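Encoded as structure tokens, the structure appears first; notes follow it.
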Ligand SMILES: [Zn+2]
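Numbering (this note's numbering), first residue to last: 4 to 108.
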């Protein structure tokens, strides 16, 4: 977590400082983390919330859909996908390489 000293008289005022996350067990530990080494007053803790946000987007929706499928359906989709991948990316390259090996290019 990050802490920030809000004591305007402190040389560490308004400076974000990264400290280890509080273990949640000992209030004294939290006190030690929050105490400003410069002015000895308690700093304000800033908790990062990004981890709790739900990721959104097409990829995740598609993934959720696949996750809810039966194993047979999944196999079909994945097979279709890898075939499309082969047609789009691997096949043209392979053909190019084949031609190169034969010496036509
Ligand atoms: Zn301070």
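C-beta: ideal position from N, C-alpha, C; glycine also. Here the structure is a predicted model, which means the values were calculated and not measured.
Review point. Do residue 44 and ligand 1 come close, with the Cβ less than 7 Å from some heavy atom?
Key: yes
Practice item. Please confirm whether residue 10 and residue 44 have their CB atoms less than 8 Å apart. Key: yes
Point to revise | Close Cβ partners of residue 23 (< 6 Å) along its chain, the five nearest in sequence each way excluded | key: none
Practice item. Report whether the distance from the Cβ of residue 41 to the nearest heavy atom of ligand 1 is below 7 Å. Key: yes
Point to revise | Buried versus exposed call for residue 96 [16 or more other C-beta atoms within 10 Å across all chains shown] | key: exposed
Practice item. Can you give me the Cβ contacts of residue 5 inside the same chain, cut-off strictly under 6 Å, excluding the 5 residues immediately before and after it? Key: 19, 21 and 49
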